[in-house]
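The following block contains the structure:
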């Protein structure tokens, strides 16, 4: 709104753009997350297919085969970390939120040890 001061918040033009923005967030962010979730869900049954392996290699190549779903954990971690600044307005609460989320992530990291190479697990831990 700094670029075009003729647009006022909560007016008709602003509400029209708000609808476009909300729709874009749903299509791009949630749609992409659903696409990745679907690929991870069907991976155990379709991984024999060379076409499936080639298309989704970026999603599975970094993780051990038994923890092929770890990309979803990383996506959820990023979303949950950002929710802290959205819902908590005071700084100390945001810091506690970030620390709590990272402790949970670190616990899951140690339990599942998802990366193919041990050095990556250690680097993610530290």
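Residue numbers (my numbering): 299 to 424.
Beta carbons: idealized from backbone N, C-alpha and C, even for Gly.
Here the structure is a predicted model, which is why all the values come from computation and not from measurement.
Span of the alpha helix (DSSP H) holding residue 371? In the DSSP assignment, residue 371 falls within the unbroken alpha helix (DSSP H) covering 368 to 385.
Status (buried if at least 16 other CB within 10 Å, exposed otherwise) for residue 322: So residue 322 ends up on the exposed side.
Compute the beta-carbon to beta-carbon distance between residue 361 and residue 411, rounded to the nearest angstrom, for a pair I have assumed lies under 8 Å. By a beta-carbon distance limit of 8 Å, residue 361 does not contact residue 411. Their separation comes to about 10 Å.
Measuring CB to CB, does residue 375 end up less than 8 Å from residue 405? No, the Cβ-Cβ distance between residue 375 and residue 405 is not below 8 Å.
For residue 355, which residues from the same chain have a beta carbon less than 8 Å from its beta carbon, with the 5 sequence-adjacent residues on both sides left out? For residue 355, where only same-chain residues beyond five positions count, there are no Cβ hits under 8 Å.
Assuming contact is defined by CB atoms lying nearer than 8 Å, are residue 341 and residue 330 in contact in what I supplied? In this structure, residue 330 does not lie closer than 8 Å to residue 341 by Cβ.
Need the endpoints of the alpha helix (DSSP H) that residue 395 sits in, please. Per DSSP, the unbroken alpha helix (DSSP H) holding residue 395 starts and ends at 389 to 410.
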